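Undergrad:
Residue numbers (the working numbering): 259 to 527.
(1) Rounded to a whole number of angstroms, what is the C-alpha to C-alpha distance between residue 507 and residue 523?
(2) Check whether the region 322-338 touches the region 393-408, taking contact to mean three or more Cβ pairs, one atom from each stretch, closer than 8 angstroms.
(3) Please give me, in chain order, every unbroken run of the alpha helix (DSSP H) with length at least 4 that falls completely inside the region 325-355.
(4) Just how far apart, CA to CA, sit residue 398 and residue 306?
(5) Which first and last residues belong to the beta strand (DSSP E) in which residue 506 is found?
(6) Do residue 521 and residue 419 have their CB atoms nearer than 8 angstroms?
(7) Can you tell me whether residue 470 is helix, strand or coil according to DSSP?
(8) What did DSSP end up calling residue 367 once you bin it into helix, strand or coil?
(9) Classify residue 355: buried if its beta carbon has 16 or more other beta carbons within 10 angstroms, exposed otherwise.
(10) Going by DSSP, what residues sit across from residue 540 in a beta bridge?
(11) Can you find the residues in the same chain that come closer than 8 angstroms, C-beta to C-beta, to residue 381, ignoring five residues on each side of it along the sequence?
(12) Quick one: what's residue 387 bridged to in DSSP?
(13) Verify whether the separation of the beta carbon atoms of residue 530 and residue 479 is less than 8 angstroms.
(14) Where do the ends of the beta strand (DSSP E) carrying residue 266 lie?
(15) Do you know how far the Cα of residue 527 is from the Cα of residue 217?
(16) Could you give the C-beta distance for residue 386 and residue 341, rounded to a whole number, given that I count them as a contact under 8 angstroms?
(17) Excluding the 5 residues preceding and the 5 following residue 518 in the sequence, name in chain order all residues of the same chain whose CB lies nearer than 6 angstroms to its CB.
(18) Apart from the five residues on each side of it in sequence, which residues of its chain come closer than 8 angstroms, Cβ to Cβ, to residue 384?
(19) Quick check on DSSP: helix, strand or coil for residue 302?
(20) In chain order, what residues of the same chain lie with their CB nearer than 7 angstroms to the CB of residue 283, ignoring the 5 residues before and after it?
(21) Candidates 496, 416, 393, 286: which alpha carbon is nearest residue 265's?
(22) Work out the CA separation of residue 376 and residue 496 for me, nearest whole Å.
Structure, rendered in structure tokens:
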């Protein structure tokens, strides 16, 4: 499936009523923070005791995608259950099954991939229809004495026949001026970084065009969505290009040589 891509344009997690088995770390760390696209908003537990997070909808929904973004769960385990689907205990360090590694290295940690712990964790599964889902935290994170995470996504992915490799551009931006220094020193005033991606979808079918129209209507400029351009590839390229981001720019659908195309840009939340 490496030549396919998918989008998730509606986050049903945002519409759920949330409950946890243990109290959060304190004021400002409630589970509802995971329903906010702001990266600095986070849900955190008091310790590493067994913890569950349950979301309940007012009416059943059909979903096939779960993911967490901006988290401190590297080295911990997750278990996601919805309807008949049960992921079982999954090691967050693996990202997908099998574990994503860099050629020539035995794992994706350390000098091989110093930012592995910042990567998104996701599960794609057969469609399930239910009115609730449960996330169970376990294990021991590498860098923290508690579980914490920011954005959670639960929704339905919209698959495309092809991926968006044509015109694909990727960059990493900082939240400060790269050339600015502290007091005239040579230390660059470099802020937190985030990813930006621009890409074209070509050879779009009529059904796929409808998905993109829905995306533009629902997300508009400034709305958030998920994009996986190399879905199912199981490589580091897939892991690095799973975006939970804000729709920053979108062009009209264009008919070129009897094929529809569209270009849009995302910025990581």
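Cβ coordinates follow ideal geometry from the N, Cα and C atoms, glycine included.
These figures come from a predicted structure and were not determined experimentally.
TA: Based on what the coordinates show:
(1) In a straight line, the C-alpha of residue 507 is about 5 angstroms away from that of residue 523.
(2) A contact exists between the region 322-338 and the region 393-408.
(3) none
(4) 7 angstroms
(5) Annotation for residue 506: the continuous beta strand (DSSP E) segment containing it runs 500-508.
(6) no
(7) helix
(8) For residue 367, the pLDDT reaches just 49, beneath the cut-off of 50, and the residue's location in the model is therefore unreliable, although a value from the coordinates is still provided. Coil, per DSSP.
(9) Any reading at residue 355 needs caution, since the residue's pLDDT is 43, under 50, leaving its predicted position unreliable; the model's value is listed next. Burial call: exposed.
(10) This structure leaves residue 540 out entirely; the chain is present only between 259 and 527.
(11) 323, 324, 325, 338, 345, 348.
(12) 320
(13) Past the boundaries of the shown model lies residue 530; the chain is included only from 259 to 527, so the question cannot be answered.
(14) 264-266
(15) Summary: the structure shown does not reach residue 217, with the chain confined to residues 259 through 527, and so no result is reported for it.
(16) 4 angstroms
(17) 462, 467, 511
(18) 322, 343
(19) strand
(20) 302, 303, 304, 404
(21) From the listed residues 496, 416, 393, 286, the smallest Cα separation to residue 265 is found for 416.
(22) Taking C-alpha positions only, residue 496 is separated from residue 376 by approximately 14 angstroms.
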